[in-house]
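So the structure is just underneath, and the comments pick up after that.
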Amino acid sequence: MFMEGGMDQLIVACDHGAWILKDELVKHIRANHTLDVCDLGVNGPESVDYPAYAAELCRRIGRGEARRGVLLCGTGLGMSMAANRFKGIRAALCHDEFTARMSRRHNDANVLVIGGRVTGPGLAASIIDIWLTEPFEGGRHQRRIDGLDAFGSV
């Protein structure tokens, strides 16, 4: 598993466009992985503003409460745009198993983003499983991540 010691928490958040899928994925993660899942919501169809949920998850990761998180919204686009504005966050919108695998191997993504209206529950569970277990390769990929970090706030 990707976390050791006390860092075994995964933070999950969504907006109204993906709360049903979020609930299914939280159950899947708890049943298949040894992680403490912190579910920030939402838990119903009432309209909310996705940036607030992305911000809360990213701030918690920034404070060291977890190393990784999962964000969901209707398409995944809004959550990925919001998350990638935070220093130290490498959010990857993954729509299949290959992008999930490569987001970890080459990009060391620490936030997975899934579109709840465009990704079915079976595929989403497979994406989660790959993303949680796939290692970062480092090497030349670390150099590229260091280059991203050097941008800071441009």
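All the letters of the sequence shown, read from the start, carry residue numbers 13 to 166 under the numbering used here.
We put the CB at the ideal spot given by N, CA and C, even for glycine.
These numbers come from a predicted model, not from an experiment.
*asked:* Bridge partners for D104 per DSSP, in chain order?
replied: The residue labelled residue 104 in the question sits at position 92 within the sequence shown. The question names Asp, yet the displayed sequence has Ala at residue 104. For A104, DSSP records a beta bridge to L124.
_Considering just the uninterrupted stretch of the alpha helix (DSSP H) at R42, what are its terminal residues?_
Counting from one through the sequence shown, the residue named residue 42 turns up at place 30. Its alpha helix (DSSP H) spans residues 31–44.
*Could you pull the start and end residues of the alpha helix (DSSP H) that D61 belongs to?*
Position 49 of the sequence shown, counted from the first residue, corresponds to residue 61. For D61, there is no enclosing alpha helix (DSSP H), as DSSP marks it with neither H nor E.
_Buried or exposed (CB count within 10 angstroms, at least 16 for buried), L59_ = Numbered from 1 along the sequence shown, position 47 holds the residue referred to as residue 59. Checking the sequence shown, residue 59 turns out to be Ser, not Leu. When all chains shown are included, S59 counts as exposed.
*Got a sec? Which residues, its chain only, sit under 6 Å from G81 by beta carbon, not counting five neighbours each side?*
For the purposes of this step, residue 81 is identified with residue 69 of the sequence shown, where counting begins at 1. So the qualifying residues of the chain are I23, L69, I73, V123.
*Opposite R129 in the DSSP bridges: which residues?*
Within the sequence shown, numbered from 1, the residue matching residue 129 stands at position 117. The secondary-structure analysis by DSSP pairs R129 with nothing; it has no beta-bridge partner.
*Ordered along the chain, which non-local residues of its own chain (more than five positions away) have a Cβ less than 6 Å from that of E149?*
Here the question's residue 149 lines up with position 137 in the sequence shown. Within the same chain, E149 has close Cβ partners R117.
*asked:* According to DSSP, is R152 part of a helix, a strand, or is it coil?
replied: Position 140 of the sequence shown, counted from the first residue, corresponds to residue 152. Shown here, R152 sits in a helix according to DSSP, grouped into three states.
*Going by alpha carbons, who is nearest to G161 out of G151, N96, R113?*
To locate residue 161, count along the sequence shown from 1; it is residue 149. The sequence as given places Asp at residue 161; Gly does not occur at that position. Taking only the C-alpha atoms, the option nearest D161 is N96.
*Would you list the one or two residues that DSSP bridges to A25?*
For the purposes of this step, residue 25 is taken as the residue at position 13 of the sequence shown. According to DSSP, A25 shares a beta bridge with L83.
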